[in-house]
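Asks: Numbering (full-length UniProt numbering), first residue to last: 1 to 891. Would you mind keeping the following structure in view while I ask a few things?
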Amino acid sequence: MHFLSSGSPSGLSALSLFLLSDLLGTTAGAAIQPRAVPAPYVAASYYPAPHGGWADDWADAYEKALKLVSQMTLAEKTNITGGTGFFMGPCVGNTGSADRLGFPQLCLQDGPLGVRTTDNVTAFPAGITTGATFDKKLMYERGVALGQEFKGKGVNMYLGPSVGPLGRKPRAGRNWEGFGSDPVLQAFAGAETVRGVQDQGCIAVLKHLIGNEQEIQRMFNVGQQGISANIDDRAMHELYLWPFAEGVRAGTAVVMTSYNAVNGSASSQNAYSINGLLKEELGFQGPVMTDWLAHMSGVASALAGLDMSMPGDTQIPVLPGTAYFMYEMTRAALNGSVPMDRINDMATRVVAAWYKLGQDKDYPRPNFSSNTRARTGLLYPAAVFSPSGVVNQYVNVQADHKIIAKQVAQEAITLLKNNGSLLPISTSAPIKVFGTDAQANPDGINKCTDKSCNKGTLGMGWGSGSADYPYMDDPISSLKRKAGNVEFWNTDSFPKNLPDATADDVALVFISSDSGENSYEVEGNHGDRDKSGLKAWHNGDELVQKAAEKYSNVVVVVHTVGPIVMEPWINHPSVKAVVFAHLPGQEAGDSLTEVLFGEVSPSGHLPYTLPVSESDYPESVGIVPNGLGQPQDTFSEGIYIDYRYFQKNGVKPQYAFGHGLSYASFAYSDVRVQAVTPLTTVPPARPAKSGDPIAAMNNTIPPASEALRPEGFKDIFRYRYSFLAENDAKNAYADGAAGKKYPSLPPGYSTTQKEAGQTPAGGPSGGNPALWDVAYVVSLTVTNNGTAHAGKASTQLYVQFPATDNAKYDTPVLQLRDFAKTAALAPGESEAVELTIRRKDVSVWDAELQNWVVPNPEGRFKFWIGDASDSFGAVCYSDSTACETGVPGPL
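Right under this line is the structure:
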């Protein structure tokens, strides 16, 4: 059975939808029907939107929110669920407010690696770099620093972390914003980021729900329909929803939907993914918001569980300003098209998130502008007539965050190859440096808007996930500071007439590969790497080959958004070492050179697989090209992406997922496994919901007077308001009294709240709590048995399911389930490491039972412990609780 969603958009333009809704008198946008998707994928309905307020960890926030929302007028409730419009405030997104009751306008700001479009901030390493650390503590500490900076700038909602896309497509443009092509790596990194950010009082916005695996044709607009990600139910749960479950369990206060459709239904009004998966199954209690201009309708999206529209405009912002929420939602409430319990739930979710993070107590207001760097400027730039004032106070929020930024950048550095132990090199060696990637952009480190060029050192991809550099510590500057004999050729073409090479010469060749958001085209690439493929940019392959012909000691340094193909040069005998520095942000220099010169040992590991050729991947993960109608992106590979696919099909990668070398060497000893929670085929029953506070509110339609502007209120042109003119309010209320509601409710629509037992996998804040029960604990001692270098060991645990005759539960050869990183261990030093396997980690999703199932609870699960998905030093067995070292891996 393949599930997902309902209430889908077609190719109608936003303006025509708005006009159509107005003509029909629906007052809140148009419901758009699903396009046909390939069998057997189904856009399932799931109604009504589950009420919030039943999870214990949100109880205090809801108690406060209910008191406040109960005092709001209808216009105040709808005002806080919509944005005030593009460029109609200091931040990239600005909600309405309920000033009368002390609820402020909320500031929402990109992006995942730093506060976008402002100054005096830190440009942290990207998500993919963070994932390469395989270090949960660092992931958390980076989140802490991000939370402090966003709060310091007066941002209420940090638009991150990104755990979708998952990285299914190696060319996909925004993979670098996430943490890696494995759901568990992505999940832990996302959850630690959520905890770090929210421990500072700033709201984390987990994104993008869901299937956002391609940039090209991602959006619905006049010229095209958004691409449909067609995902089967098992892949949805075991891959794409997994990081969201972990993030919800970690307490994320807000979730953002994606641009694309899922099984034909736009994510912003996808009733199954929002109502069914997120709010019911994962028990999410906070608000669900759109991505920017991804809002498709008013009534349909509200019924499908959407709680907030950003930035408030319809898909095509027009001069007078139109919106599917705000004033249109006020009309929809008065005429009964959107039930008042849905309105109350929407508003209460928003206010509860604010209370949950303690933002009612002395939270700073925005002290910067996304619209200008000048001290004074327009307060509402998109308005024809806008007042002016101080918009930038130049508050420096960097503190000592460069320390954690450098540590993340450094501990992500992944040594792939080191033939003859060429690295580390001596600072006295004659060093020849080639490639423009070694030096910061000579035109200026922030010259290209949103980093929409690949010029100079590549520290981040492009688009809304970028941030401005306060400075760039580039590699060449660091090399020249540390070494006494450095020559640099700032070109991507190998120079002619170079002096003869000596046996002592070391050539450092810098190459890169870039991608980003489909809001920009860079060197023919439309977000995704559709033109460049997985080749190094700027003739990087040729540059390496030429250097290898000249010099006998070549080190290739790669700054990249994701996998690249290295086959043209990887096996050249002169290419002795390859270092992936990923996307290091502002700290690209010393973080790298300290590794090259042996001040620290590399400890990063690949967060994705590196192929020999692009043809190693299945065709289904290629970029879906432009075409007529709605593009269909069918995830026919199911649960077999990245290393799962390579292992299942016997494809040998260039370097496996998790691979990473060290100058130190490590050994495992005293390996033990302990059974903790007895396993059953299905988990214990989920808990019942503890009440329904939304149902206890006054859910009758209020009088039309609650929709009117306060006396003396003066509008700002093009600002989105929730107030109605008196006649509009009276007419809407009269329509409701006469039964003239929204003309076409979605299939399967109901107003009866579902009982908890109807979703057996569900539960508060992440799903059935039993899924998180620890089933096994693996403990071991990691020892640095080298003699020369200290180093940090990354220990990874992979589960191999028992053999079974039941093809229904076909499982990957190996699946990452936990990881841990030691402190720096001196030669001979040891550290105890503990890894856990939870019930969910040894379960599969059964689409018929709609529950997690342990296929063979009494069978032999094998827990492989190593430093990569193809490199193991020990294995433990669940049935005997015995462990062995020196056993060959399963591949």
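Don't be surprised by glycine CBs; every beta carbon is placed ideally from N, CA and C.
Give every residue of the same chain whose Cβ lies closer than 7 Å to the Cβ of Phe-86, excluding the five residues on either side of it in the sequence, and list them in chain order.
Replies: Pro-311, Asp-313, Pro-317 and Ala-382
Asks: Following the continuous beta strand (DSSP E) through Gln-800, name the residue where it begins and the one where it ends.
Replies: 794 to 800
Asks: For the alpha helix (DSSP H) that contains Gly-131, what are its first and last residues?
Replies: Residue range 127 to 132 is occupied by the alpha helix (DSSP H) that includes Gly-131.
Asks: Thr-787 by DSSP, collapsed to three states: which one?
Replies: Assigned with DSSP and collapsed to three states, Thr-787 falls in coil, not helix or strand.
Asks: Along the alpha helix (DSSP H) that carries Leu-209, what are the first and last residues, could you check?
Replies: Taken as a continuous stretch (DSSP letters only), Leu-209 belongs to no alpha helix (DSSP H), being part of the beta strand (DSSP E) at 203 to 209.
Asks: Taking Ile-641 and Ser-258 to be in contact with their CB atoms under 8 Å, please state how far apart those CB atoms are, rounded to whole angstroms.
Replies: Actually they do not touch by this definition, with Cβ atoms about 17 Å apart.
Asks: Kindly indicate which three-state DSSP category Gly-748 falls into: helix, strand or coil?
Replies: Here Gly-748 sits in coil by DSSP.
Asks: Go through the segment 296 to 329 residue by residue and report every complete run of the alpha helix (DSSP H) that reaches 4 residues or more, in order.
Replies: 299 to 303
Asks: Specify the secondary structure class of Glu-567 as computed by DSSP and reduced to three states.
Replies: coil
Asks: Assign Pro-9 to one of two classes, buried (16 or more other C-beta atoms within 10 Å of its C-beta) or exposed (fewer than that).
Replies: Legend: pLDDT at Pro-9 = 29, less than 50; position of this residue unreliable, value from coordinates given subsequently. Per the 10 Å Cβ criterion, buried.
Asks: With 16 as the cutoff for other CB atoms within 10 Å, does Ser-515 come out buried or exposed?
Replies: buried
Asks: Please state whether the Cβ-Cβ distance between Trp-845 and Asp-291 is less than 8 Å.
Replies: A distance of 8 Å or more separates the beta carbons of Trp-845 and Asp-291.
Asks: Have a look at Lys-808, Val-671, Leu-146 and Phe-713 and flag the residue whose alpha-carbon is nearest the alpha-carbon of Val-887.
Replies: Val-671
Asks: Restricting to Cα atoms, I'd like to know which of Gly-114, Ser-97, Met-566 and Met-72 is closest to Trp-537.
Replies: Met-566
Asks: For Gln-632, write down the residues that DSSP places opposite it in a beta bridge.
Replies: Ser-228
Asks: Using CA coordinates, which residue listed in Ser-228, Glu-619, Val-509 and Ala-235 is at the minimum distance from residue 892?
Replies: The structure shown does not extend to residue 892, since the chain spans only 1 to 891, so no value can be given for it.
Asks: Which of the three DSSP states is assigned to Gly-540 in this structure?
Replies: helix
Asks: Answer with buried or exposed for Asp-504, where buried requires no fewer than 16 other C-beta atoms within 10 angstroms of its C-beta.
Replies: exposed
Asks: Spell out the partners DSSP gives Ile-865 in its beta bridges.
Replies: Listed as beta-bridge partners of Ile-865 by DSSP are Leu-797 and Ala-874.
Asks: Enumerate in chain order the residues of its own chain whose CB-to-CB distance from Ala-707 is below 7 Å, with the five nearest sequence positions on each side excluded.
Replies: Leu-74, Ala-75, Thr-330, Leu-334, Phe-723, Leu-724 and Ala-729
Asks: Could you work out which residue in Val-854, Thr-759, His-789 and Thr-78 is closest to Thr-804 when comparing CA atoms only?
Replies: With distances taken between Cα atoms, Thr-804 lies closest to Val-854.
Asks: Three-state secondary structure (DSSP) at His-659?
Replies: Under the three-state reduction of DSSP output, His-659 falls in the coil class, being neither helix nor strand.
Asks: Report the partner residues of Asp-879 according to the DSSP bridge assignment.
Replies: Residue pairing by DSSP places Asp-879 in no beta bridge whatsoever.
Asks: Would Pro-563 pass as a contact of Leu-610 if the rule is Cβ separation under 8 Å?
Replies: yes
Asks: Under a three-way DSSP split, which group does Ser-466 fall into?
Replies: Note: Ser-466 maps to coil in three-state DSSP.
Asks: Spell out the partners DSSP gives Ser-265 in its beta bridges.
Replies: Val-262
Asks: Does the beta-carbon distance from Gly-147 to Val-115 come in below 8 Å?
Replies: no
Asks: When you compare only the Cα positions, how much space is there between Ala-250 and Pro-50?
Replies: In a straight line, the C-alpha of Ala-250 is about 20 Å away from that of Pro-50.
Asks: Where does the unbroken beta strand (DSSP E) through Met-256 begin, and where does it stop?
Replies: Start and end: 254 to 257.
Asks: Would you kindly check if the distance between the Cβ of Ile-210 and the Cβ of Ala-353 is under 8 Å?
Replies: Result no, Cβ atoms of Ala-353 and Ile-210 do not sit closer than 8 Å.
Asks: Is Lys-432 near Glu-521, with beta carbons less than 8 Å apart?
Replies: no
Asks: Rank Val-254, Ser-386, Leu-661 and Thr-118 by C-alpha distance to the C-alpha of Tyr-719 and give the top, closest one.
Replies: Ser-386
Asks: With Lys-821 as the anchor, note down where its beta strand (DSSP E) starts and where it stops.
Replies: From DSSP, the beta strand (DSSP E) with Lys-821 extends over 815 to 821.
Asks: Measuring only the C-alpha atoms, how far is Gly-305 from Pro-747?
Replies: 15 Å
Asks: I'd like the list of long-range same chain contacts for Asn-784, defined as Cβ closer than 8 Å, with 5 residues on each side in sequence excluded.
Replies: So the qualifying residues of the chain are Ala-664, Ser-665, Phe-666, Ala-790, Gly-791, Ala-793, Leu-825, Ala-826, Pro-827, Gly-828, Glu-829 and Ser-830.
Asks: Would you list the one or two residues that DSSP bridges to Cys-91?
Replies: Its beta-bridge partners do not exist; DSSP assigns none.
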